[in-house]
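I have placed the structure first, in the form of structure tokens, so that the comments after it can refer back to it.
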Amino acid sequence: MKPNNSSGVLLKLMAFSIALGVLPLSSYYGSLHYLWEGNTIYSAITAVVAANVVLVSYIITATLEEGKASKAGSPSETRKER
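So in our numbering, the last one in the sequence shown is 98, and the numbering has no gaps at all.
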């Protein structure tokens, strides 16, 4: 990972951390009052799904970012080096 890219990585981490705190809570209370009309079980399931969506999207983003960094950081072997 490049030093100039670390601020972007930190911003992504902060954004996903905030989303992990806000999205499940807002989806719980929003679905409790507007979608499921007071059913707490379905609202809790909605919140768990929202949290898992945030986690999976963070993992995918981190994996794709790591793949880009490894491709850019390591040049391929040339015929002369063999």
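For glycine and all other residues, C-beta sits at the position ideal for the given N, C-alpha and C. In this text the structure is predicted, and so the values were computed from the model without any measurement.
So, do the stretch 28–42 and the stretch 57–71 have three or more beta carbon pairs nearer to each other than 8 Å? yes
Candidates 47, 73, 84: closest to residue 62 by CA position: 47
On a Cα-Cα basis, can you pick out the residue from 54, 80, 74 that is closest to residue 34? 74
Segment limits, alpha helix (DSSP H) that includes residue 50: Residue 50 -> no alpha helix (DSSP H), and no H or E assigned at all.
Check whether the Cβ atoms of residue 71 and residue 59 sit closer than 9 Å, and answer yes or no. no
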